[in-house]
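Q: Add 15 to a position in the sequence shown, counting from 1, and you land on the number used in the working numbering. Here it is, the structure in full.
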Amino acid sequence: MTELKNDNYLRALLKQPVDYTPVWMMRQAGRYLPEYRKLRATAGDFMSLCRNAEFACEVTIQPLRRFKLDAAILFSDILTIPDAMGLGLYFETGEGPKFTNPITCKADIEKIGIPDPEDELGYVMNAVRTIRKELNGEVPLIGFSGSPWTLATYMIEGGSSKAFTKIKKMMFSDPQSLHLLLDKLADSVISYLNAQIAAGAQSVMVFDTWGGVLSPRDYKDFSLQYMAKIVDGLTRHADGRQVPVTLFTKNGGMWLEDIAATGCDAVGLDWTIDIENAKARVGDKVALQGNMDPSMLYAPLPRIEQEVAKILASYGTGGTGHVFNLGHGIHPDVKPEHAGHFIESVHRLSKQYHL
Ligand code: CP3
16 MTELKNDNYL
26 RALLKQPVDY
36 TPVWMMRQAG
46 RYLPEYRKLR
56 ATAGDFMSLC
66 RNAEFACEVT
76 IQPLRRFKLD
86 AAILFSDILT
96 IPDAMGLGLY
106 FETGEGPKFT
116 NPITCKADIE
126 KIGIPDPEDE
136 LGYVMNAVRT
146 IRKELNGEVP
156 LIGFSGSPWT
166 LATYMIEGGS
176 SKAFTKIKKM
186 MFSDPQSLHL
196 LLDKLADSVI
206 SYLNAQIAAG
216 AQSVMVFDTW
226 GGVLSPRDYK
236 DFSLQYMAKI
246 VDGLTRHADG
256 RQVPVTLFTK
266 NGGMWLEDIA
276 ATGCDAVGLD
286 WTIDIENAKA
296 RVGDKVALQG
306 NMDPSMLYAP
316 LPRIEQEVAK
326 ILASYGTGGT
336 GHVFNLGHGI
346 HPDVKPEHAG
356 HFIESVHRLS
366 KQYHL
């Protein structure tokens, strides 16, 4: 077993005692940091950062040099899988991700294969191995993937979307084809995350950014079912330690019981649900990650601190099982010192709950 100097994040996910509430931030490596923008300019573009293990490692570590974060997250993207499936991922400035060959029909889905994680996605595994070496046991490394539903939205819409009309058209007119795609994606995610774990990821998180645009029944059929398949297929023990699994459905607060029932270790919460309510509903089964509104980081420092105190009090004294985070990714125009104050406040104010 590799020694870890700070394992509070892994311990909290497994509901083991900790000295303080661990904290990390979704999108903690990114454009709000000037050193990130500088390296991205050197690399040329975002995917060149991801494909170069030294660059990916450097941007993963950048936020840890500034802040006492309790975990590092692999610098990559959820859209690496569709790219490896041949869809041709590219980023247009200011417009987010796009695909040159989006999925338009059943035949497109039938010809898709499961990418080999050490081949087409080998650059991601190289990044994981490089980052683990560089972290030198300071904090755990989080691996991640998108959920099948969320990946499918980008693959069928051809990029970001507001109304999701193309994928919903397929969902309601040709559900079998969509299920075939989601099943191939679930198999791809299982092999991708297991390869990340074999390469050194010490916990994994599945981002279901768009599950919340579905009706309750459709959420279970088209998103949760496939995340449950992933949870069942993952390596849950590696290097003498448990590998905790976190599922995050944005806007999924009404389905917490169902998400917890998949057998995951932790559920990520956005800010539209009270963490006290979430804990009362599923806190005996899973740990909770969240859930400050990322826009709170625009507020003056005392207001940020007050919000941290409220969320900590709301989770309360009932033991461990809380990983503090934002309810979604940090915004690119947040001042780094506001992020720093947020992290420091979580550490300082949470000690009283872990005596
Ligand atoms: O959290 C981290 O620091 C790790 C890195 C990470 C990125 N993307 C880097 C990134 C993670 C975990 C992701 C996940 C991701 N990517 C999700 C799920 C989480 C979420 O935010 O809901 C989604 C939906 C994507 C797809 C994606 N990638 C979008 C929509 C965009 C454009 C975002 C934007 O604000 O322009 C990306 C690009 C991307 N992925 C950036 C980063 C740092 C910005 C790239 C840049 O311009 O430098």
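Idealized CB from N, CA, C, for every residue including glycine. Note that this is a predicted model, so its numbers are computed, not measured.
Near residue 340, which residues of its chain fall below 8 Å by C-beta distance, leaving aside the five closest residues on each side in sequence?
A: Cβ neighbours of residue 340 beyond the five flanking positions: 38, 39, 40, 41, 283, 304, 305, 306, 307.
Q: My understanding is that residue 114 touches residue 174, with C-beta atoms under 8 Å, so please give their C-beta distance in whole angstroms.
A: Confirmed, Cβ separation roughly 7 Å.
Q: Cα separation between residue 320 and residue 48?
A: Distance between the alpha carbons of residue 320 and residue 48: 21 Å.
Q: Roughly how many angstroms lie between the CA atoms of residue 215 and residue 86, to the nearest whole one?
A: Between residue 215 and residue 86, the C-alpha separation is close to 14 Å.
Q: Pick out whichever of 158, 229, 88 has its Cα sitting closest to the Cα of residue 184.
A: Residue 184 has its Cα closest to that of 229, out of 158, 229, 88.
Q: Taking DSSP's pairing of strands, which residues face residue 220 in a bridge?
A: DSSP output for residue 220 lists 159, 261 as bridge partner(s).
Q: How big is the Cα-Cα spacing for residue 363 and residue 353?
A: Approximately 15 Å between the Cα atoms of the pair.
Q: Report the option in 327, 309, 334 whose CA atom is closest to the CA atom of residue 299.
A: Nearest option by C-alpha distance: 334.
Q: Measuring only the C-alpha atoms, how far is residue 83 from residue 161?
A: So the two alpha carbons sit approximately 26 Å from each other.
Q: Taking all protein chains shown into account, do 16 or more other C-beta atoms lie within 10 angstroms of the C-beta of residue 167, making it buried, or fewer, making it exposed?
A: Classification for residue 167: buried.
Q: Classify residue 122: buried if its beta carbon has 16 or more other beta carbons within 10 angstroms, exposed otherwise.
A: That one is exposed.
Q: Look at residue 118 and residue 171 and say whether their C-beta atoms are less than 8 Å apart.
A: Closer than 8 Å, so yes.
Q: Can you tell which of 218, 240, 265 has the C-alpha that lies nearest to the C-alpha of residue 257?
A: The option with the nearest alpha carbon to residue 257 is 218.
Q: Where does residue 133 sit, in a helix, a strand or coil, going by DSSP?
A: Residue 133: coil per DSSP, three-state reduction.
Q: Can you list the alpha helix (DSSP H) stretches of 4 or more residues lying completely in the segment 28 to 112, in chain order?
A: Correct list: 49 to 58, 61 to 66, 68 to 81.
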